[in-house]
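Single-structure report; data block below.
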Amino acid sequence: MSAHKDFVKPNEAYVASFGDKGNLPLPPSKKLLIVTCMDARINVYAELGIREGEAHIVRNAGGVAKEALRSIIISQRLLGTREIAVFHHTGCGMLTFDTAGLREQAVDEFEFLDVESDVKFLQEHPLVLPETKVTGWVYEVETGKIRQIV
Ligand SMILES: [Zn+2]
């Protein structure tokens, strides 16, 4: 596989229109962190109207809050974010594996919770700052639409 060979040309176009984004401050201006799935069909920036410099985006298989925790702690303590939006989505490939089956393949520790449970996990976690606003969402891969669940 050599998909990487397609990087350079689009990057040249990107650099040509990069503008002053090199001057953006490090802390996200919206004080927002988004947890979402690594699913290749999801374009978080386009779907939510987020631009560079505005939010941290943490992606993993399933958009699992527990797996995102290390990044969330750094984001809050070092870079000032105070809001978390957890996104799960329809047609998630991660839901087609059962947790017990994954455990047998040595991918322990990961439970694929529903979005409400992931929000609750973050609200109750002692290392997540108590003043954090946490919301939970579902993204529909079929339509591009988002729905707030919590
Ligand atoms: Zn997914």
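First residue of the sequence shown? That's 213 in the numbering used here, and the numbers climb one at a time after it.
Every residue, glycine too, gets a C-beta built ideally from N, C-alpha and C.
Only a predicted model underlies this, so the values are computations on that prediction, with no experimental measurement involved.
Among the options, nearest to residue i - alpha-carbon criterion
i, options, result
"Val-276", "Val-350, Lys-357, Gly-356 and Thr-355", "Val-350"
"Pro-373", "Leu-260, Pro-240, Arg-282 and Cys-249", "With the chain covering only 213 through 362, there is no way to say anything about residue 373."
"Ala-280", "Arg-253, Leu-245 and Ala-252", "Leu-245"
"Gln-335", "Gly-356, Arg-271 and Ile-285", "Ile-285"
"His-301", "Glu-264, Arg-294, Glu-295 and Glu-354", "Glu-354"
"Ala-297", "Asn-223, Glu-224 and Lys-345", "Lys-345"
"Leu-291", "Gly-303, Gly-265 and Asn-272", "Gly-265"
"Cys-304", "Lys-242, Glu-352 and Gly-234", "Glu-352"
Three-state secondary structure (DSSP) of residue i
i, result
"His-216", "helix"
"Asn-272", "strand"
"Val-353", "coil"
"Ile-361", "coil"
"Ala-280", "helix"
"Val-340", "coil"
"Ile-246", "strand"
"Glu-264", "coil"
Inter-residue Cα distance where the pair is residue i and residue j
i, j, result
"Leu-326", "Val-362", "Here the sequence assigns Asp to residue 326, which means Leu is not the residue at that position. One C-alpha to the other measures close to 11 Å."
"Val-220", "Tyr-226", "10 Å"
"Gly-261", "Gly-274", "22 Å"
"Val-331", "Thr-347", "7 Å"
"Arg-294", "Phe-333", "16 Å"
"Ala-228", "Glu-328", "42 Å"
Okay, do the segment 248 to 262 and the segment 230 to 238 touch, 3+ Cβ pairs below 8 Å being the bar?
no
Residues near ligand 1, criterion Cβ-heavy atom distance below 6 Å:
Cys-249, Asp-251, Gly-274, His-301, Cys-304, Gly-305 and Met-306
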